[in-house]
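Enquirer: Protein sequences appear in the order of chains A and B.
Here our numbering is used: the first sequence runs in plain steps of one and ends on residue 734.
Here our numbering is used: the second sequence runs in plain steps of one and ends on residue 426.
Built from N, CA and C at the ideal position, the CB exists for glycine as well.
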Amino acid sequence: MKFFQSLGHSSLQFIAKLGRSSLFLWAILSGLGYTLSRPSLLIKQLYNIGALTFWLIAIAGLFVGMVLGLQGVYTLSTFGAESALGVMVAASLVRELGPVVSALLFAGRAGSALTAEIGLMKATEQLSAMEMMAIDPLKYIIAPRFFAGFISLPLLAALFSAIGVMGGYLAGVELLNVDAGSYWSQMQSAIDFHEDIINGIIKSIIFAWLVSWVALFEGYDATPTSAGISRATTRTVVNSAFAILLFDFLLTALMYGAN
Amino acid sequence: MICIRNLTFSRGDRKIFDDISMDIQPHKITAIMGPSGTGKTTLLKLIAGQLQPDSGTILINQQNVHQLSQAKLYQLRKQMGMLFQSGALLTDMSVYDNIAFPIREHTQLPESMIRTLVLMKLNAVGLRGARELMPSELSGGMARRVAMARALALDPEMIMYDEPFTGQDPISLGVLVKLIQTLNQTLHLTSIVVSHDVQETATIADYIYLISEGKITGQGTPKELYNAYSEWVRQFMHGKADGPVPFHYPAPGLADDLLDSP
């Protein structure tokens, strides 16, 4: 009996939270006009959220690419197919690893910081004070951060893939003597702009929307105490990761499942 | 100015306010006092329209706060200043920018005019020299004075103080008491002070409402309340440890409790 009671309770809570977060998202989207009219707010957040995450993404991209290069040569050489290394590295990066890994790293670096920042603003009554000054914090604080995340992550994912391809080159061609010409030419002929690159970009746009939404909502909805903010920050990372992986599966099924 | 009628508000199962009515006179300092946890801050949030009551009305200048559209409510809030207990300064801006913030957001004034306004507001609270500091570099009392200057930035008609005296050293306390009084007189403000510091509040308030357990338990001028007939009011006003509000949280008898070892 207790079990059913708690099941019902948590389902109700989940649905209520879904409702609150949808209203929250709606309020953010209606702040788009305000954000566009105040580019300085957006640029500041693009720097905080996007530019400061660049080095993490660049280094992670380089290493993921290098590992792909090493593993690729190791596996492909058993079939004598080292020349296909470029295709393998590029396809796995632009289709999957680029959007997914950069979104996961983004959630850990920028998402958690956003949640903590908004949660602390709530705890110190800064959001409430803005409301009292007749300034809507959803427009002034939340919307610029949301759109900055929305713009930053796809760009970061593209950089991740590009740097990863260079990493694969370093490991495969420079270190393990795969032919440079076949690395690039096979990649060029096999990677399709629409099939691979556009689909990868669509994925990262959807991940950007998910991570920014989750991070800002968790901060805004946090219990305004230190324990509450720490729980909210954890939830941001965990829930974003789940959402990214779930949506990655759904999108991959939609994009490539029919073939 | 402000007219509260039959206001009821509850959180979960607990009734914070149960059918209370009060009037706040223009250009006076009205104090709302009561023990901690009686929802005095909640009352301010209800007046400002940040919370919705279960029933009852709050009229400010004949406008029902809780039936206004967001645009109208924001228009009304420009005429209200609020001083939060923590100060609630925006931590990523200097003192100067904190005070300039509402002016920049709501007006098209040139920067030179804003500078003049900000310096005048800061001068009124005696912190013109601290304008370059960041909120983290201010003491608690200074942060509250800056917040006061910010609350006055748009020249409001009324200002609400949430526990302005809590946790202040005697000098800061004296400064704040004097400021609330002089600002009220010179700017013809309507002030609402929420507090449980009887001594300080009673020296400046024109009228006091005492709230306890969701009801108004006493009201009148400070003098009337000090000599009130109600024992509860006297206990609160004179700060006696024991009286109608018992010193002990409800518990079985001490002897029973000690002998009743599990």
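Helix, strand or coil for A/L580, going by three-state DSSP, please let me know.
Expert: Here residue 580 of chain A is taken as the residue at index 105 of the first sequence, counted from 1. Of the three classes helix, strand and coil, the one that applies to A/L580 here is helix, per DSSP.
Enquirer: Would you verify that the beta carbon of B/Q266 is, or is not, closer than 8 Å to some beta carbon of chain A?
Expert: The residue given as residue 266 of chain B occupies position 102 in the second sequence. Sequence check: residue 266 of chain B is Pro here, not Gln. Closer than 8 Å: yes.
Enquirer: What first and last residue would you give for the alpha helix (DSSP H) that runs through B/Q216?
Expert: As a working note, residue 216 of chain B is residue 52 in the second sequence. First-last for B/Q216: undefined, no H or E at that position.
Enquirer: Looking at the C-beta of B/R453, does it have a partner C-beta in chain A at a distance below 8 Å?
Expert: In this structure chain B extends from 165 to 426, so residue 453 of chain B is not present and cannot be described.
Enquirer: Pair every Cβ in the region 639-646 of chain A with every Cβ in the region 561-577 of chain A, then say whether three or more of these pairs are closer than 8 Å.
Expert: yes
Enquirer: Can you name, in chain order, every residue of its own chain whose Cβ lies under 8 Å from the Cβ of A/A535, other than the five neighbours on each side?
Expert: On the first sequence, position 60 is the one that residue 535 of chain A refers to. Within the same chain, A/A535 has close Cβ partners V576, S577, L580 and F635.
Enquirer: Does B/H270 get closer than 8 Å to chain A when you measure Cβ to Cβ?
Expert: Along the second sequence, one-based indexing puts residue 270 of chain B at 106. Interface residue, yes.
Enquirer: For B/N348 versus B/I193, is the C-beta spacing smaller than 8 Å?
Expert: Mapped onto the second sequence, residue 348 of chain B falls at position 184. Mapped onto the second sequence, residue 193 of chain B falls at position 29. Yes, these two residues count as a Cβ contact at 8 Å.
Enquirer: If we define contact as Cβ-Cβ less than 8 Å, is A/A491 a contact residue for chain B?
Expert: Here residue 491 of chain A refers to the residue found at position 16 when the first sequence is read from its first residue. Against chain B, the CB of A/A491 has no partner CB under 8 Å away; the residue lies outside that interface.
Enquirer: Using a Cβ cut-off of 8 Å (strictly closer), state whether B/M246 contacts chain A.
Expert: Against the second sequence, residue 246 of chain B aligns to sequence position 82. B/M246 counts as touching chain A.
Enquirer: Residues in the same chain with beta-carbon distance under 7 Å from B/V282, minus the five sequence neighbours each way, listed in chain order, please.
Expert: Here residue 282 of chain B refers to the residue found at position 118 when the second sequence is read from its first residue. Closer than 7 Å at Cβ, skipping near neighbours: Y260, I263 and A264.
Enquirer: In its own chain, which residues sit with a C-beta less than 7 Å from the C-beta of A/P629, not counting the 5 before and 5 after it?
Expert: Walking along the first sequence from the start, residue 629 of chain A turns up at place 154. I676, S679, I680 and A683, listed in sequence order.
Enquirer: Of the choices B/D421, B/K404, B/L302 and B/L422, whose alpha-carbon is the least far from that of B/P199?
Expert: One-based indexing of the second sequence puts residue 199 of chain B at position 35. The shortest C-alpha separation from B/P199 is found at B/K404.
Enquirer: What did DSSP end up calling A/A533 once you bin it into helix, strand or coil?
Expert: To locate residue 533 of chain A, count along the first sequence from 1; it is residue 58. Reduced to three states, the DSSP call for A/A533 is helix.
Enquirer: Checking contacts by CB at 8 Å: is B/Q332 closer than that to chain A?
Expert: Working through the second sequence from its first residue, we reach residue 332 of chain B at position 168. Chain A, which has no Cβ nearer than 8 Å to the Cβ of B/Q332, makes this no.
Enquirer: Determine the extent of the beta strand (DSSP E) in which B/M244 is found, giving its start and end residues.
Expert: Locating residue 244 of chain B in the second sequence gives position 80, counting from the first residue. First-last of the beta strand (DSSP E) with B/M244: M244 to L247.
Enquirer: Taking C-alpha atoms, which residue in A/E606, A/V562 and A/S512 lies nearest to B/K242?
Expert: Position 78 of the second sequence, counted from the start, is the residue given in the question as residue 242 of chain B. For B/K242, the nearest C-alpha among the options comes from A/E606.
Enquirer: Of the choices B/L237, B/H270 and B/A315, whose alpha-carbon is the least far from that of B/A154?
Expert: No answer is possible for residue 154 of chain B: it lies beyond the span of chain B, which begins at 165 and ends at 426.
Enquirer: What is the DSSP secondary structure of B/A235, reduced to helix, strand or coil?
Expert: Taking the first residue of the second sequence as 1, we reach residue 235 of chain B at position 71. Three-state result, B/A235: helix.
Enquirer: Is the beta carbon of B/A317 closer than 8 Å to that of B/A288?
Expert: Along the second sequence, one-based indexing puts residue 288 of chain B at 124. Along the second sequence, one-based indexing puts residue 317 of chain B at 153. Not a contact, by the Cβ cut-off of 8 Å.
Enquirer: Please determine, among A/A526, A/K519 and A/V653, the residue with the shortest C-alpha to C-alpha distance to A/L551.
Expert: Taking the first sequence and counting its residues from 1, the one referred to as residue 551 of chain A is at position 76. If we check each option's Cα against that of A/L551, A/V653 comes out closest.
Enquirer: Return the chain-ordered list of same chain residues with a C-beta closer than 7 Å to the C-beta of A/A716, the five sequence neighbours on each side being excluded.
Expert: Reading the first sequence from its first residue, position 241 is the one you call residue 716 of chain A. In chain order, L579 and A582 place their CB closer than 7 Å to the CB of A/A716, counting only its own chain and leaving out the 5 sequence neighbours on each side.
Enquirer: Which ranges does the alpha helix (DSSP H) cover as unbroken runs of at least 4 residues, wholly within the region 600-637 of chain A, from first to last along the chain?
Expert: 601-607
Enquirer: Is the region 351-371 of chain B close to the region 325-335 of chain B, with three or more CB pairs under 8 Å?
Expert: yes
Enquirer: Of the residues A/D723, A/S558 and A/G594, which one's Cα is nearest the Cα of A/G703?
Expert: Numbered from 1 along the first sequence, position 228 holds the residue referred to as residue 703 of chain A. Looking at the Cα atoms, A/G594 is the closest of the given residues.
Enquirer: With DSSP as the reference, identify every bridge partner of B/K387, one or two as the case may be.
Expert: Position 223 of the second sequence holds residue 387 of chain B. DSSP output for B/K387 lists no bridge partner at all.
Enquirer: Opposite B/A195 in the DSSP bridges: which residues?
Expert: As a first step, residue 195 of chain B is located in the second sequence; it is residue number 31 there, counting from the start. B/V357 and B/I372, per the DSSP bridge assignment.
Enquirer: Spell out the partners DSSP gives B/N228 in its beta bridges.
Expert: Here the question's residue 228 of chain B lines up with position 64 in the second sequence. Bridge partners of B/N228: B/L223.
Enquirer: Between B/Y325 and B/I344, how many whole angstroms is the CB-CB distance? I'm expecting something under 8 Å.
Expert: What you label residue 325 of chain B is simply residue 161 of the second sequence in a count that begins at 1. What you label residue 344 of chain B is simply residue 180 of the second sequence in a count that begins at 1. Sure, about 7 Å apart at Cβ, within 8 Å.
Enquirer: Measure from the alpha carbon of A/W659 to the alpha carbon of each residue in A/H669, A/E670 and A/G647, then state which is nearest.
Expert: Locating residue 659 of chain A in the first sequence gives position 184, counting from the first residue. Among A/H669, A/E670 and A/G647, the Cα nearest to that of A/W659 belongs to A/G647.
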